[in-house]
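Quick notes on the structure that follows.
Protein chains in written order, with my numbering: chain A, 1 to 383; chain B, 1001 to 1137.
Have a look at this one:
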């Protein structure tokens, strides 16, 4: 059954105690550290949790046992870095259906230090193993930017426009003591950084880090019983397209974005003008452009000017990626959890670079290389 | 020199494609209901679900749809090298490499015409690569 807008709330939210380079914690401990912090934020213990979601095969079992949780509802949806947006959506439906009352969603990834990290072997029999891997891709930096030149040609977007994305997000990161990179950069500096995979240079690619985060959701009726101000879930959406970036329908637009984003906004019953804060998962510099356009914040081809003119920077009309984003804040491998955390902080009013008066925040995620998408709309007030 | 890259392993559903490549033919499949060609191979139409699909040889011509030029070392590849997606004349797109062409943004122009060539990896696998289509070819 569907949940009603505002009927479920985030009552606990936290990241790992440390973030960035954390070689003294294994991947499962990063999950646990974030979960313990979120439970402390909500004043709960493991025995209070009766629903659990985390990414991937066999993970709910591992995390449940490690934390001492006996869930009666689990979700192991793993569609890449936006899986947590889907977990929020599924958890809300489960709470509405009565399958669980208090759901914990965890993420932990030893992306940099690789302590007990999940291996990602390319299977030579998979479709990507047969029809992409033989041509020399080496991870997301070589695959995710493949559509960019086509997007640039179709929209008149320049290298300078794509550099500006990184510049603006560094302006936000400069206000965030937990951000991986806090030093301001210029368009010229971005375009002078080392070439990784043309057209993208080092400062247009996210770092790979260690860290985690956790959320706790419950019914809005119970939300007043928790210490932190509730952050209401107003809407959500999800979709998938393909595991192979070479096979996405349109190189200038993500089909998964175009399903997930509008689904979430429609459910929340909001217009673009109602959104006071936006997170768009930015593993690479082109993603905010696709997100702004596919979610309808900008017309096709206009995102480059929207960012260039300063709308998304501090003091702009639509503050975006205010933690510094995947490009400057952190990117463990699955950044969606951190986009959600920043949306929750902004709605609570506790973000390091707090935007004044955030009433509605949209967190939009991507998984794989335009493989999947999830969108969540949070609100300060219950409709 | 043995191929140091990632070698594809055919499945029952893709065997005909790789057999075609070994024999110098780029094999596609066509939906009986819409007439549209599709890729990667599967024994049913992704447009209508029909299993009555036909296999046919593509003409081998394509245009350059998009690419990146990778600047780091990867087994089997000498940087900088382009990882490209081409659009076949029949419609589907596929990932490939562009050979007999400088691996530079100046030489690699979007929408430039290309022709398939097959590079043997071993006795079983040949990879479909593309080179610029020569004038009058």
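Glycine included, every Cβ here is placed at the ideal spot set by N, Cα and C.
Is residue i close to chain A, meaning its C-beta is less than 8 Å from at least one C-beta of that chain?
i: residue 1009 of chain B; result: yes
i: residue 1068 of chain B; result: yes
i: residue 1085 of chain B; result: yes
i: residue 1020 of chain B; result: no
i: residue 1040 of chain B; result: yes
i: residue 1130 of chain B; result: no
i: residue 1097 of chain B; result: yes
i: residue 1117 of chain B; result: no
i: residue 1105 of chain B; result: yes
i: residue 1091 of chain B; result: no
i: residue 1112 of chain B; result: no
i: residue 1063 of chain B; result: no
i: residue 1060 of chain B; result: no
i: residue 1005 of chain B; result: yes
i: residue 1094 of chain B; result: yes
i: residue 1076 of chain B; result: yes
i: residue 1016 of chain B; result: no
Could you tell me whether any Cβ in chain B is nearer than 8 Å to the Cβ of residue i?
i: residue 382 of chain A; result: no
i: residue 195 of chain A; result: yes
i: residue 4 of chain A; result: no
i: residue 247 of chain A; result: yes
i: residue 288 of chain A; result: no
i: residue 198 of chain A; result: yes
i: residue 138 of chain A; result: yes
i: residue 142 of chain A; result: yes
i: residue 255 of chain A; result: no
i: residue 112 of chain A; result: no
i: residue 127 of chain A; result: yes
What is the rounded straight-line gap between the Cα of residue i and the Cα of residue j?
i: residue 1125 of chain B; j: residue 1015 of chain B; result: 10 Å
i: residue 158 of chain A; j: residue 226 of chain A; result: 48 Å
i: residue 1080 of chain B; j: residue 1060 of chain B; result: 26 Å
i: residue 271 of chain A; j: residue 107 of chain A; result: 31 Å
i: residue 169 of chain A; j: residue 46 of chain A; result: 36 Å
i: residue 234 of chain A; j: residue 6 of chain A; result: 5 Å
i: residue 123 of chain A; j: residue 129 of chain A; result: 5 Å
i: residue 1082 of chain B; j: residue 112 of chain A; result: 27 Å
i: residue 1105 of chain B; j: residue 350 of chain A; result: 45 Å
i: residue 23 of chain A; j: residue 203 of chain A; result: 24 Å
i: residue 95 of chain A; j: residue 102 of chain A; result: 8 Å
i: residue 321 of chain A; j: residue 1031 of chain B; result: 43 Å
i: residue 1103 of chain B; j: residue 1111 of chain B; result: 15 Å
i: residue 15 of chain A; j: residue 37 of chain A; result: 7 Å
i: residue 176 of chain A; j: residue 323 of chain A; result: 6 Å
i: residue 1135 of chain B; j: residue 236 of chain A; result: 53 Å
i: residue 187 of chain A; j: residue 70 of chain A; result: 51 Å
i: residue 1067 of chain B; j: residue 219 of chain A; result: 47 Å
i: residue 84 of chain A; j: residue 1023 of chain B; result: 46 Å
i: residue 1087 of chain B; j: residue 116 of chain A; result: 41 Å
State the DSSP-derived secondary structure class of residue i, mapped to helix, strand or coil.
i: residue 33 of chain A; result: helix
i: residue 324 of chain A; result: coil
i: residue 1028 of chain B; result: strand
i: residue 338 of chain A; result: helix
i: residue 318 of chain A; result: coil
i: residue 48 of chain A; result: helix
i: residue 19 of chain A; result: coil
i: residue 1073 of chain B; result: coil
i: residue 1119 of chain B; result: strand
i: residue 193 of chain A; result: coil
i: residue 1057 of chain B; result: strand
i: residue 248 of chain A; result: coil
i: residue 313 of chain A; result: coil
i: residue 1130 of chain B; result: strand
i: residue 1019 of chain B; result: helix
i: residue 127 of chain A; result: helix
i: residue 382 of chain A; result: coil
i: residue 25 of chain A; result: coil
i: residue 331 of chain A; result: coil
i: residue 75 of chain A; result: strand
Is the Cβ of residue i closer than 8 Å to any Cβ of chain C?
i: residue 130 of chain A; result: Judged by its chain identifiers, the structure shown contains no chain C, and its protein chains are A and B.
* Return the residues of the segment 1043 to 1056 of chain B that lie within a Cβ-Cβ distance of less than 7 Å from chain A, sorted by chain order. => none
* At what residue ranges does the segment 282 to 310 of chain A contain a whole run of the beta strand (DSSP E), taking only runs of 3 or more? -> none
* In chain order, which alpha helix (DSSP H) runs of at least 4 residues are fully inside the segment 131 to 181 of chain A? -> 140 to 143, 148 to 155 and 159 to 173
* Of all the residues that make up the segment 230 to 241 of chain A, which are near chain B by a beta-carbon distance shorter than 9 Å? -> none
* Selection of the segment 296 to 320 of chain A by Cβ proximity to chain B, strictly under 9 Å -> none
* To do: With 8 Å as the C-beta to C-beta threshold (strictly closer), list the residues of the segment 197 to 220 of chain A near chain B in chain order.
  => 197, 198, 199 and 200
* Closer than 7 Å, Cβ to Cβ, to anything on chain B: give me those residues from the segment 320 to 341 of chain A, in chain order. => none
* Asked: Taking only runs of the alpha helix (DSSP H) that begin and end inside the segment 201 to 280 of chain A, which ones reach a length of at least 4 residues, in chain order?
  -> 255 to 268
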